[in-house]
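Inspection log for the structure reproduced underneath, given as structure tokens.
Structure representation (structure tokens):
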């Protein structure tokens with residue numbers, strides 16, 4: 001399961017609306033791909049369709065689609081939004097990550 005914090009939920013819903021998506025029926029696609037300074041990096045984008053290999057979650061009024069191959073890397077992750085001095089953006093609090101890079105956009109197991 002993937003959780004979404006209150007702050008991230010509000011930001012996602014606003015961003016979806018700005019980009020022509022509807023949070024009541026469209027999805028936030030979360031995934032993992034090879035790359036980044038720690039070996040694996042996070043992907044986050046909006047999508048209107050589910051694939052046959054997707055797992056679907058809903059938390060805090062946000063529908064999350066995750067491909068099965070990415071799911072094992074993301075189990076237990078909390079998606080948060082930070083607007084602090086270090087910059088604005090989404091933060092993945094992933095309990096499976098053994099090591100993360102300074103920017104928080106990549107990790108390793």
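Residue numbers (full-length UniProt numbering): 1 to 109. From the three backbone atoms N, C-alpha and C, an ideal C-beta is built for every residue, glycine too. Just so we're clear, the structure is a prediction, and the values are computed from it rather than from any experiment.
Short Cβ contact (8 Å threshold) for residue i with residue j
i          : j          : result
residue 14 : residue 46 : no
residue 5  : residue 79 : yes
residue 63 : residue 56 : yes
residue 8  : residue 92 : no
Contacting residues, own chain, Cβ-Cβ under 7 Å from residue i (five flanking each side not counted)
i          : result
residue 31 : 43, 66, 67 and 70
residue 54 : 65, 66 and 67
residue 19 : 46
Reduced DSSP secondary structure (H/G/I, E/B, other) of residue i
i          : result
residue 72 : helix
residue 48 : coil
residue 8  : helix
residue 64 : strand
residue 94 : coil
residue 54 : strand
Buried versus exposed, by CB contacts within 10 Å (16 or more), residue i
i           : result
residue 94  : buried
residue 28  : buried
residue 1   : exposed
residue 12  : buried
residue 40  : buried
residue 103 : With a pLDDT of 49 at residue 103, under the threshold of 50, the predicted position of this residue should be treated as unreliable, and no value is reported.
6 Å CB neighbourhood of residue i in its chain, flanking five on each side removed
i          : result
residue 16 : 23 and 46
residue 50 : 65
residue 76 : 95
residue 81 : 7, 8, 11 and 90
residue 48 : 26
Cβ separation of residue i and residue j, assumed to be a contact under 8 Å, to the nearest whole Å
i         : j          : result
residue 3 : residue 59 : 5 Å
Sequence-distant residues of the same chain with beta carbon closer than 8 Å to residue i, five excluded per side
i          : result
residue 21 : 46 and 48
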